[in-house]
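These notes concern the structure reproduced below.
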Amino acid sequence: MSCVFCKIIDGQIKARIIKETTKSIAFLDAFPLAKGHTLVIPKTHHVKIQDMSVAENSDLFSLVHDVISKVDRLTGATLVAIHNGKDAGQEVPHVHVHLVPRESSDSAGAIHSMFDSTCTLSDSDMDDLCRKLAD
98 MSCVFCKIID
108 GQIKARIIKE
118 TTKSIAFLDA
128 FPLAKGHTLV
138 IPKTHHVKIQ
148 DMSVAENSDL
158 FSLVHDVISK
168 VDRLTGATLV
178 AIHNGKDAGQ
188 EVPHVHVHLV
198 PRESSDSAGA
208 IHSMFDSTCT
218 LSDSDMDDLC
228 RKLAD
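Number 232 marks the last residue of the sequence shown (the working numbering); no jumps.
And the structure:
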């Protein structure tokens, strides 16, 4: 398998493991954006969150919940980011949650700073979207 995260899980690539469960693993990012940048991934290969079972999701986010407290102690603030699919910016096609320690001086900005413009929708458009997403 060519997935770098699967190779970490299989022990083919060394990783600095912080904690693991039977279904998930947390380790330091090899190319960190900040000191303490951590990845939390499922041990089973899935590209998107919705491809995972409920048990896998529960285990993954329980580990995120546990590890984020440790990461948050580094600076007092942590960005939690998930790119769910290639078009969302996912670089490794294996579900992974980024826990990135943040500081006011890091110039990373808020989520709205990632986009060139905001989406303008009418009340009717918003109501239609709400109905579609609620179904």
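The beta-carbon is built from N, C-alpha and C at its ideal position, and this holds for glycine as well.
**Study point:** Nearest-angstrom Cα separation, counted from A123 out to I138
**Key:** 6 Å
Review point. Among residues of its own chain, excluding the 5 on either side of C103, which ones have a beta-carbon nearer than 8 Å to its beta-carbon?
Key: H142 and H191
Check your understanding: Does DSSP put T175 in a helix, a strand or coil?
Key -> strand
Check your understanding: What residues are listed by DSSP as bridge partners for P196?
Key -> Just to set this straight, residue 196 is Leu in the shown sequence, not Pro. BP columns for L196 point to T135 and V177.
Exercise for review: Let me know if S155 comes out buried or exposed under the rule of 16 or more other beta-carbons within 10 Å of its beta-carbon.
Suggested key: exposed
Review point. Is A185 helix, strand or coil by DSSP?
Key: helix
**Study point:** Simplified DSSP assignment, three categories, for I106
**Key:** helix
Review point. In chain order, what residues of the same chain have a beta carbon less than 6 Å from the beta carbon of N181, not counting five sequence neighbours either side?
Key: K145 and I146
**Study point:** Nearest neighbour of D140, chosen from G186, I105 and A178 [CA to CA]
**Key:** The question names Asp, yet the displayed sequence has Lys at residue 140. Nearest option by C-alpha distance: I105.
Practice item. Can you tell me which of S201, K183 and P129 puts its alpha carbon nearest to the alpha carbon of G173? Key: S201
Point to revise | Reference R199; option with closest CA among T175, H209 and R113 | key: T175
Point to revise | Close-in-space but distant-in-sequence residues of the same chain around L130 (CB under 7 Å, 5 per side omitted) | key: V197
Review point. Helix, strand or coil: how does DSSP classify K116 here?
Key: strand
Review point. Since S121 is in the alpha helix (DSSP H), which residue starts that stretch and which ends it?
Key: Note, S121: premise wrong, no alpha helix (DSSP H); beta strand (DSSP E) at S121 to L125.
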